[in-house]
Amino acid sequence: MGIEPNILENKKRHIEICLNKSDVKSSCNFLKFIKLRHNALSDFNFSEIKIKEEIFGYSISMPVFISSMTGGSKEGNEFNKSLVKIANYLKIPIGLGSFKLLFKYPQYIRDFALKRYAPNIPLFANIGAVQIVEFGVSRVAEMIKRLEVDAIVVHLNAGQELMNANGDRNFKGIKESIAKLSDFLNIPLIVKETGFGISPNDVKELFKLGVSYVDLAGSGGTNWVLVEGLKGNNLNVATCFSDWGIPSIFTLLSIDNSLKSNIFASGGYETGMDIAKGIALGARLIGVAAVILRVFYDSGEDAIFSLFSEYEHVLKMSMFLSGSKSLSEFKNNKYFLSSYLLAELGVFKQFYGA
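First residue of the sequence shown? That's 1 in the UniProt record's numbering, and the numbers climb one at a time after it.
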């Protein structure tokens, strides 16, 4: 039995809609209000700069990963396979799209079990928090085992589901299910939002539930309420949420430094300077997604290699120009905030009790 045509069409439409950035980009991610500190007396060789990271039992080339996007459709599966091969060559982690449909169509598991193309990098599977409740911890854990991945990403996407006419409405039990899955697994569990961010207090609660890493996935990138609004021809409702959410930098600037080694940041990070600023604020890794989708479909695989070469050079240049040989030095007070951002951050901390 093949996958229902409406499911495939939905996934195809998601890709088509996300390719038009201006239609689905949410409000500002505030990265432009951060400045990196310039050091005119950097007294070392540029070649000494090190940006490699050790994580998930692998050595990766830079503190960047390709975040989960899509899967299931023919276009999505081919896209994922190409990206996984590229990521393995570049030695950067990559996440796959949700494997939800495998519970109904297990015969398609080979389209999601892509570790054979990624022997040298961390590969993440991906499932919604609601699906852990729906299918049960043991079934989800068994599917994760069959996919032979290095970590599992559990995504929180209430906004997207509520905007989808056929989306989930009952989120009761997601916290308990996340905690149980964490206990059940012998690989790291990452919880991420999907473009609306995670508050400092929610970060703390997730770690108490046993989560290994939190990907803030803040506002300022793709807004999935707008995506669903476009797909369902319901922009009157969707545009009410065009500036909803928490930019990742607000949470990064509000949590204890002791937590940051287990924090990933994503949500509108597109340029090398975006990545440099996120790392300077203390994020362990920076996730990129929509920009990869657009570059791939606009210009092909070679353009992805060029983009990551730019990321590497801009990050290293930023480190050198701030007097930093290592990532740990770069995270040591190498930035300052504009007066506008300081004011907004003060309101944020007061409102969220951070």
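Positions of the beta carbon are idealized from the N, C-alpha and C atoms, including for glycine. This one's a predicted model, so the numbers in the text were calculated from it and none came from an experiment.
By the Cβ-count criterion, residue 240 is exposed, with fewer than 16 other Cβ atoms from all chains shown falling within 10 Å of its own Cβ.
Our two residues, residue 82 and residue 301, have alpha carbons roughly 8 Å apart in a direct line. For residue 88, the secondary structure class from DSSP, reduced to helix, strand or coil, is helix. By the beta-carbon neighbour count (other beta carbons within 10 angstroms, threshold 16), residue 177 is buried. Taking 3 residues as the shortest admissible run, the region 118-172 contains the following complete beta strand (DSSP E) segments, listed from N- to C-terminal end: 123-128, 151-155.
For the set 157, 125, 181, 340, the Cα lying nearest the Cα of residue 139 is the one of 181. Looking from the CA of residue 273, the closest CA among 44, 290, 33 belongs to 33.
Within the UniProt domain "FMN-dependent dehydrogenase" (176-333), the runs of alpha helix (DSSP H) at least 4 residues long that lie entirely inside it are, in chain order, 200-208, 224-231, 235-238, 248-252, 272-280, 290-299, 301-321, 327-330. For residue 351, the enclosing alpha helix (DSSP H) starts and ends at 339-352. Taking C-beta atoms under 8 Å as the contact rule, residue 7 and residue 72 qualify, at a distance of about 7 Å. Contact between residue 228 and residue 238 is confirmed by a C-beta separation of about 7 Å, below the 8 Å threshold.
Taking the Cβ atoms as the reference, residue 70 lies roughly 6 Å from residue 11, within the contact range of under 8 Å. In this structure, residue 212 sits away from residue 197, with a CB-CB distance that is not shorter than 8 Å. In the three-state scheme derived from DSSP, where H, G and I count as helix and E and B as strand, residue 59 is classed as strand. Each of 187, 156, 184 was checked against the Cα of residue 172, and the nearest Cα belongs to 156. Beta-bridge pairing by DSSP links residue 44 to no other residue. For the pair residue 90 and residue 236, the Cα-to-Cα distance works out to about 42 Å. Around residue 111, the same chain offers 77 as residues with beta carbons nearer than 6 Å, after the five sequence neighbours per side are excluded. Shown here for residue 59: same chain residues with a beta carbon closer than 8 Å to its own, the five before and five after excluded, namely 52, 53, 91 in chain order.
Here DSSP, grouped into helix, strand and coil, assigns residue 71 to coil. Under the 8 Å Cβ criterion, the region 244-264 counts as touching the region 333-352, having at least three qualifying pairs.
When the beta-carbon positions are compared, residue 203 and residue 64 stay at least 8 Å from each other.
Collapsing the DSSP output to three states places residue 95 in a strand.
Following the DSSP letters along the chain, one finds residue 35 inside the beta strand (DSSP E) bounded by residues 34-36. Per DSSP, reduced to three states, the secondary structure at residue 78 is helical. A buried status is given to residue 18, since no fewer than 16 other beta-carbon atoms sit within 10 Å of its beta-carbon. When only Cα atoms are considered, residue 353 and residue 222 end up about 27 Å apart.
If the five residues before and after residue 232 are omitted, its C-beta is found closer than 6 Å to the C-beta atoms of 165, all from its own chain and listed in chain order.
Residue pairing from DSSP leaves residue 24 without any beta-bridge partner.
With respect to the 8 Å criterion, residue 144 and residue 129 are not classified as neighbours on the basis of their beta carbons. Here the region 310-327 makes no contact with the region 102-119; the two share fewer than three CB pairs at distances below 8 Å.
Bounds of any alpha helix (DSSP H) do not take in residue 51, whose DSSP letter is neither H nor E. Ranked by Cα distance from residue 314, the first of 343, 340, 265, 271 is 271. C-alpha of residue 48 to C-alpha of residue 102: approximately 46 Å in a straight line. Residue 15 carries a helical assignment under DSSP once its states are collapsed to helix, strand and coil. Annotation: the continuous beta strand (DSSP E) that includes residue 66 extends over 64-66.
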